[in-house]
Amino acid sequence: MTTESSSLLGNEGGSTPAASSSTGGTGSSPTSPVSKVQAFVFDLVEGEIDSWFEYLMLFVIFLNVFLFIVGTIVVGGFAEDGSPPLNEADAITLDEKYDPFFEGVELFSVILFTIEYLLRAWSCTADPTYRAHGAFVGRLKYLTSFFCIIDLLAILPYWLNVLGLIPEVDFSTALRVFRLIRLLKADKYINAFALLDDVLAENSTLLIATLYYAALMLVLCSTALYLTERFNPDNAKYFQSIPDAMFVTTLMLTGEYPIADFTVVGRFVAAFIALVAVAFFAVPTGVLGSGFIKAVERAKGLEFSVDAE
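Structure representation (structure tokens):
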């Protein structure tokens, strides 16, 4: 268990008046049997990856994302010449062909996500941050946090459909995409993501400056190609406006050249873009790379100091 949650469980040495008052009106002290169970459950569902439940949740999250992706593969409805179907009525996707399997996995996942959601809603007051606001307000603050709202949207369409409150239309199906956002929660299970958060926070100013210059360069290069290629009969359809030119320019900045028949001046612009593209990715890569090195060295130093104690 995590250190913070362990302290919630292990604080049995008698509650002080201050500790009792910090329950914020929950009706039980942090050392009462109910509070101990809440602390255990909260550590189980919100702690770092140190329990079978968290491993299970991580597996189910990735399984849902995987099935969501492969379920869109078209396996039927092709034309006689082998061309793909051009409308939804004709297309037969993998999740439609094997509907019982996909529905079974979805039912299991939604039940598990619902249980997790309810357990977190009940046990969140074990965290002093929410307990200090009282049982009702503390839970309200927790349930209106970003990830809790995402979790609710991930399960709500299914139950509304089961209750007959909404039909199973594209809108309710599209809301399942919110389960993809649950991937962001994987960062609490994988320590490397915690390092990434630290690196992004510490280098945010440099990254914002890099993003600004990258956007500036994209606009300048797109404008230059628009001016040189808009009347080129070979490329005019790609450069009818600056927004149109931005798509091709973005591809060129990644090193991919979808077209090659430039005008004479356009060739110089394309060559310039090829040179700029190196810095386009090298600068943010260097910033993140150096930030990671510093973060890893700090983490190793902290681990060494803790072990030494």
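Numbering (our numbering), first residue to last: 5 to 313.
Don't be surprised by glycine CBs; every beta carbon is placed ideally from N, CA and C.
- Its Cα nearest to that of ALA264, the residue ASN236 stands out among ASN236, PRO161 and ALA286.
- By the criterion of a C-beta distance shorter than 8 Å, VAL280 is surrounded in its chain by MET221, CYS225 and LEU257, once the five residues flanking it on both sides are discounted.
- Burial state of ASN239 is buried, judged by a 10 Å Cβ sphere holding 16 or more other Cβ atoms.
- Contact between PHE266 and ALA278 fails: their C-beta atoms lie close to 12 Å from each other, not under 8 Å.
- Leaving aside the five residues that flank GLU120 on each side, the residues in its chain whose CB is nearer than 7 Å to its CB run, in chain order, VAL49 and MET61.
- When DSSP states are grouped into helix, strand and coil, ILE246 belongs to the helix group.
- Judged by DSSP in its simplified three-state form, THR97 adopts strand.
- Excluding sequence positions up to five before and after VAL109, its CB lies within less than 8 Å of the CB of LEU67, ASN68 and LEU71, all in the same chain and listed in chain order.
- Within the same chain, VAL78 and PHE82 come within 7 Å of PRO88 by CB-CB distance, once the 5 residues on both sides are set aside.
- Ranked by how close their Cα comes to the Cα of THR118, the residues LYS40, ALA158, LEU98 and VAL74 have ALA158 in first place.
- LEU167 sits exposed, since fewer than 16 C-beta atoms from the chains shown fall within 10 Å of its C-beta.
- Rounded to whole angstroms, the gap between the alpha carbons of GLY80 and TRP163 is 30 Å.
- DSSP places GLY80 within a strand segment (E or B) once states are collapsed to three.
- If you draw a straight line from the Cα of SER55 to the Cα of LEU147, it comes to about 23 Å.
- For TYR59, the enclosing alpha helix (DSSP H) begins and ends at 56 to 74.
- Apart from the 5 residues on each side of it in sequence, LYS145 sits with its Cβ closer than 8 Å to the Cβ of TYR134 and HIS137 in its chain, given in chain order.
- Taking every protein chain shown into account, the CB of TYR230 has 16 or more other CB atoms within 10 angstroms, so this residue is buried.
- In this structure ASP103 is exposed. Its beta-carbon is surrounded by fewer than 16 other beta-carbon atoms within 10 angstroms.
- Boundaries of the alpha helix (DSSP H) harbouring LYS145: 139 to 147, taken from the DSSP string.
- The Cβ atoms of ALA299 and ASP202 lie closer than 7 Å to each other.
- For GLU301, the secondary structure class from DSSP, reduced to helix, strand or coil, is helix.
- Per DSSP, reduced to three states, the secondary structure at LEU224 is helical.
- In the DSSP assignment, ASN165 falls within the alpha helix (DSSP H) that extends over 150 to 166.
- Where GLU260 is concerned, there is no enclosing alpha helix (DSSP H), because DSSP gives it neither an H nor an E.
- Counting other Cβ atoms within 10 Å of its Cβ, ASP94 stays below 16 and is therefore classed as exposed.
- CA-to-CA, the gap between LEU199 and LEU211 works out to about 16 Å.
- The beta carbon of SER127 sits closer than 6 Å to those of GLN42, VAL45 and PHE46, all from its chain and outside the five residues before and after it, given in chain order.
- Rounded to the nearest whole angstrom, the CA to CA distance from SER245 to PHE251 is 11 Å.
- Straight-line measurement puts the Cα of PHE106 at about 11 Å from the Cα of VAL74.
- Contact annotation, PRO161 with ILE170: C-beta distance approximately 7 Å; criterion of less than 8 Å satisfied.
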